[in-house]
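Data block below; observations after.
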Amino acid sequence: MLTRAYWITPDGQILDVGDRKHINLIVDNPPQFGESAEAINTLYNENREPMGFEGKAREIIMRRVITRGFVRIRQQRNQWMIQLRELTPTTESHLCQWATSQVGKGDQFANIVIDQLGVSRNRRIKATLDSLVRKRWTR
Numbered sequence: 245m246l247t248r249a250y251w252i253t254p255d256g257q258i259l260d261v262g263d264r265k266h267i268n269l270i271v272d273n274p275p276q277f278g279e280s281a282e283a284i285n286t287l288y289n290e291n292r293e294p295m296g297f298e299g300k301a302r303e304i305i306m307r308r309v310i311t312r313g314f315v316r317i318r319q320q321r322n323q324w325m326i327q328l329r330e331l332t333p334t335t336e337s338h339l340c341q342w343a344t345s346q347v348g349k350g351d352q353f354a355n356i357v358i359d360q361l362g363v364s365r366n367r368r369i370k371a372t373l374d375s376l377v378r379k380r381w382t383r
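So the sequence shown is numbered by the numbering used here: it starts at 245 and just counts up by one.
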């Protein structure tokens with residue numbers, strides 16, 4: 245099954261990950277994600293992991309990028325997983341824009357799980373693609 249994956253930048257630009265992994269986009273263009281090649285190399289070396297490996301270094305880098313306001317989106321089986329720092333009016337608008345771009349590309353009623361990494365209560369929100377387009381989901 246072909247999976248789809250995206251980054252949404254803090255200013256709302258939708259980046260299609262394509263057939264790659266989220267970490268590969270960061271490693272290939274660190275400044276676009278607020279990182280430096282040196283910092284990424286250091287983290288991978290400290291954790292004794294090959295560059296781009298999906299281990300501890302990747303987890304740290306992804307969390308830092310998401311903390312800076314990037315939104316990570318990945319389709320898994322019959323649902324979408326979205327990771328973001330916090331659902332704000334700005335990120336809601338970006339998610340609506342992304343969801344609208346997905347209409348006609350699959351199941352418009354696909355389940356979506358939004359995981360807010362920067363909040364301690366009500367971290368997880370469930371929605372559907374259609375509810376994001378219509379800006380009607382349960383908080």
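In this text, a Cβ means the ideal position worked out from N, Cα and C, and glycines have one as well.
Roughly how far, in whole angstroms, is the beta-carbon of residue i from the beta-carbon of residue j, given that I think they are within contact range, below 8 Å?
i	j	result
Leu373	Gln341	Going by Cβ atoms, the distance from Leu373 to Gln341 rounds to 13 Å, so no, they are not a contact pair.
Asn252	Ile317	In the sequence as presented, Asn is not what sits at residue 252; that position holds Ile. Right, the Cβ-Cβ distance comes to about 7 Å (below 8 Å), so this counts as a contact.
Pro274	Arg312	Contact doesn't hold; Cβ gap of about 12 Å is too wide.
What are the boundary residues of the beta strand (DSSP E) that includes residue i?
i	result
Gln320	315-320
Thr372	368-372
Leu328	323-328
Leu259	258-260
Ala249	249-252
Asp272	No beta strand (DSSP E) holds Asp272; the alpha helix (DSSP H) holding it covers 266-272.
Gln360	355-360
In its own chain, which residues sit with a C-beta less than 7 Å from the C-beta of residue i, not counting the 5 before and 5 after it?
i	result
Gln323	Ala354, Asn355, Ile356, Val357
Met245	Only weak support exists for where Met245 lies, its pLDDT of 45 falling under 50; the value from the coordinates is given anyway. No residues qualify anywhere along the chain.
Thr335	Val315, Leu328
Asn268	Gly296
At which residues does the alpha helix (DSSP H) containing residue i begin and terminate?
i	result
Met306	300-311
Gln341	333-346
Asn291	From DSSP, Asn291 is part of no alpha helix (DSSP H); its letter is neither H nor E.
Closer than 6 Å by C-beta to residue i: which residues in its own chain qualify, once you throw out the five before and the five after it? Chain order, please.
i	result
Gln319	Thr247, Arg248
Met325	Arg318, Val357
In the structure shown, what three-state DSSP assignment does residue i receive?
i	result
Val377	helix
Phe277	helix
Is residue i near the ligand SAH, judged by its Cβ being under 7 Å from some heavy atom?
i	result
Val261	Questions concerning the ligand SAH fall outside what the structure shown contains, since it holds no ligand whatsoever.
Exercise. For the 8 Å Cβ check, are there 3 or more pairs between the region 304-311 and the region 277-295?
Worked result: yes
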